[in-house]
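Structure, as structure tokens:
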Amino acid sequence: MGRPGVDGLGDVVRVLGEWQHDTGPVQLHPGDVGWFWRFGAERTAQATRTWSRAGEVLAIGLLDGADLLRVAFAPEALRDEELARQVVEDASAPERGVLPEGRTYVEAPTGALVRELLPGHGWAVGEPWTPLRRDLGAPVPEAGVRVEAIGPEQAPEWAAVMRASFDGSTFTEERWQAMAAGTPYADARCLLARNEQGEAVAVVTVWSAGEGRPGLIEPMGVHRAHRGNGYGRAVTAAGARTLRDSGASSVLVCCQSANVGAVATYRSAGLERLPERRDLYRDAS
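Numbering of the sequence shown is given in the UniProt record's numbering, commencing with residue 1 and proceeding in unit increments.
Structure follows, in structure tokens:
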């Protein structure tokens with residue numbers, strides 16, 4: 001297991017992009033790293049883990065928060081037993097510096113051998129998550145509201161809608177600037193939707209993994225004062241159009257199954273539900 005350092009994050013993002021395929025499982029995406037980058041490059045590097053063999057990176061992990069490890073695998077390594085056992089051992093031993101003591105969580109793609117090995121080390125099945133996908137081979141209808149791609153000048157407005165979309169959010173203009181300075185943002189876009197009065201009502205960020213590969217929505221939010229008017233559907237559709245224009249093959253998102261409102265919004269924008277996936281968790285001291 002290794003840590004790439006700030007200088008190695010570009011390679012991590014590139015490799016993650018190469019692992020994204022419509023025929024493969026939904027897993028950690030360059031956009032997930034890009035969204036985490038709002039905390040700065042140094043903190044992103046500290047949260048990143050890699051597992052390699054003979055100089056080739058086969059798995060990448062992101063410590064998303066203090067207690068959740070999100071892991072992606074090279075397509076050919078999804079069922080690699082040696083690799084899976086190493087990831088399980090590292091995740092299960094707090095002294096190895098991957099996950100801390102106490103209750104911790106692992107998110108791994110469907111079909112990964114690591115999901116089958118974790119229960120043997122004290123891990124249990126956790127809460128369900130719903131992945132959703134929309135193929136972008138066909139045109140995406142117009143959003144029906146005014147949607148614009150923003151730059152630094154609109155960052156304060158975008159950040160304000162973000163804060164008003166999620167309870168407890170501390171998102172700021174400074175975090176937007178940090179995110180926009182990150183390597184993954186080179187091919188990303190932040191969109192802002194306005195109502196007929198010109199008020200900012202919804203936001204979304206879309207992340208590319210390269211032409212012909214799935215793109216990601218992370219995050220999407222609707223201002224709490226403007227919910228129930230279809231703005232979530234509209235800004236999601238605008239995000240899908242933006243990704244299609246950039247050459248993405250599909251658009252992906254994953255949210256907690258318990259968040260039925262978010263699932264319904266994404267479905268209304270043409271995304272189809274994929275089979276649920278569950279985290280695994282472990283109580284360790």
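Virtual Cβ for every residue (Gly too), placed ideally from N, Cα, C.
Next item on the list: In the DSSP assignment, find the unbroken alpha helix (DSSP H) run with Y185 in it and report its ends.
Entry: Within the sequence shown, residue 185 is the residue found at index 185, counting from 1. Careful: Y185 lies outside any alpha helix (DSSP H) and carries neither H nor E.
Checklist line | Length at least 3, wholly inside the segment 113-156: the beta strand (DSSP E) runs in chain order | finding: 124-135 and 146-149
Next item on the list: Quick one: measure Cβ to Cβ for L243 and G215, integer angstroms, because I've assumed they're closer than 8 Å.
Entry: To locate residue 243, count along the sequence shown from 1; it is residue 243. To locate residue 215, count along the sequence shown from 1; it is residue 215. About 4 Å; that satisfies the 8 Å criterion.
Next item on the list: Label Q256 either buried or exposed according to how many other C-beta atoms from any shown protein chain fall within 10 Å of its C-beta, with 16 as the threshold for buried.
Entry: The count along the sequence shown starts at 1 and reaches residue 256 at position 256. Q256 should be labelled exposed.
Checklist line | Assumed close pair V204, T172 - CB separation to whole angstroms, cut-off 8 Å | finding: Here residue 204 refers to the residue found at position 204 of the sequence shown. Here residue 172 refers to the residue found at position 172 of the sequence shown. In fact, because the Cβ distance is near 18 Å, the residues do not count as touching under 8 Å.
Notebook entry, point to check: Where do the ends of the beta strand (DSSP E) carrying A240 lie?
Noted result: For the purposes of this step, residue 240 is taken as residue 240 along the sequence shown, with counting starting at 1. Careful: A240 lies outside any beta strand (DSSP E), inside the alpha helix (DSSP H) at Y231 to D245.
Notebook entry, point to check: With a cut-off of 8 Å, do at least 3 Cβ pairs link the segment 158-167 to the segment 263-270?
Noted result: no
Item checked: Under the three-state DSSP convention, the category E174 falls into -> The sequence position of residue 174 within the sequence shown is 174, counting from 1. Of the three classes helix, strand and coil, the one that applies to E174 here is helix, per DSSP.
Check: Is A215 helix, strand or coil when you go by DSSP?
Finding: Stepping through the sequence shown from its first residue, residue 215 is reached at position 215. In the sequence under discussion, the amino acid at residue 215 is Gly, which differs from the Ala named in the question. It is a strand residue.
Checklist line | For L252 and V114, the rounded distance between their alpha carbons | finding: Counting from one through the sequence shown, the residue named residue 114 turns up at place 114. Counting from one through the sequence shown, the residue named residue 252 turns up at place 252. Rounded to the nearest angstrom, the two C-alpha atoms are 23 Å apart.
Notebook entry, point to check: What are the partner residues of T205, as DSSP defines its beta bridges?
Noted result: Locating residue 205 in the sequence shown gives position 205, where the first residue counts as 1. According to DSSP, T205 bridges with C190.
Next item on the list: Check the DSSP bridge columns for S52 and list the partner residues they point to.
Entry: For the purposes of this step, residue 52 is taken as residue 52 along the sequence shown, with counting starting at 1. Partner(s): V57.
Next item on the list: Would you kindly work out how many angstroms separate the C-alpha atoms of V15 and V57, rounded to a whole number?
Entry: For the purposes of this step, residue 15 is taken as residue 15 along the sequence shown, with counting starting at 1. For the purposes of this step, residue 57 is taken as residue 57 along the sequence shown, with counting starting at 1. Their Cα atoms are separated by approximately 8 Å.
Item checked: Beta-carbon spacing of G182, I217 below 9 Å -> If you number the sequence shown from 1, residue 182 lands on position 182. If you number the sequence shown from 1, residue 217 lands on position 217. No, Cβ-Cβ distance for G182 and I217 is not below 9 Å.
Note to self: For R38, tell me which candidate among G5, A180, R278 and L78 has the shortest Cα-Cα distance.
What the structure shows: Position 38 of the sequence shown, counting from 1, holds the residue named residue 38. The option with the nearest alpha carbon to R38 is A180.
Checklist line | S249, buried or exposed, once every other Cβ within 10 Å from all chains shown has been counted against 16 | finding: Indexing the sequence shown from 1 puts residue 249 at position 249. Buried, because 16 or more other Cβ atoms sit within 10 Å of the Cβ of S249.
Next item on the list: Rounded to whole angstroms, what's the CA-CA distance from E148 to E272? Just pull it up for me.
Entry: Counting from 1 along the sequence shown, the entry for residue 148 is found at position 148. Counting from 1 along the sequence shown, the entry for residue 272 is found at position 272. Using only the alpha carbons, I get a separation of about 25 Å.
Note to self: According to DSSP, is S250 part of a helix, a strand, or is it coil?
What the structure shows: Counted from its first residue, the sequence shown places residue 250 at position 250. Residue state, collapsed to three classes: strand.
Next item on the list: Measure the alpha-carbon distance for S169 versus L62 and round it to whole angstroms.
Entry: Within the sequence shown, residue 169 is the residue found at index 169, counting from 1. Within the sequence shown, residue 62 is the residue found at index 62, counting from 1. So the two alpha carbons sit approximately 21 Å from each other.
Note to self: Taking contact to mean 3 or more Cβ pairs, one atom from each stretch, closer than 8 Å, check whether the segment 2-15 and the segment 42-55 are in contact.
What the structure shows: yes
Notebook entry, point to check: Which residues in the same chain as E157 place their Cβ atom closer than 6 Å to its Cβ, once the five residues preceding and following it in sequence are excluded?
Noted result: Against the sequence shown, residue 157 aligns to sequence position 157. Same-chain partners within the cutoff: A200.
Next item on the list: Tell me whether E107 is buried or exposed, calling it buried when 16 or more other Cβ atoms sit within 10 Å of its Cβ.
Entry: Against the sequence shown, residue 107 aligns to sequence position 107. Counting Cβ neighbours within 10 Å, E107 comes out buried, since at least 16 surround it.
Notebook entry, point to check: Which term fits V13, buried or exposed, when burial requires 16 or more other beta carbons within 10 angstroms of its beta carbon?
Noted result: Locating residue 13 in the sequence shown gives position 13, counting from the first residue. It is buried - the Cβ of V13 has at least 16 other Cβ atoms within 10 Å.
Margin query: Given this structure, state the Cα-to-Cα distance separating L83 from L69, to the nearest angstrom.
Written below: Residue mapping note: residue 83 aligns to position 83 of the sequence shown, counting from 1. Residue mapping note: residue 69 aligns to position 69 of the sequence shown, counting from 1. Taking the straight line joining both Cα atoms gives about 16 Å.
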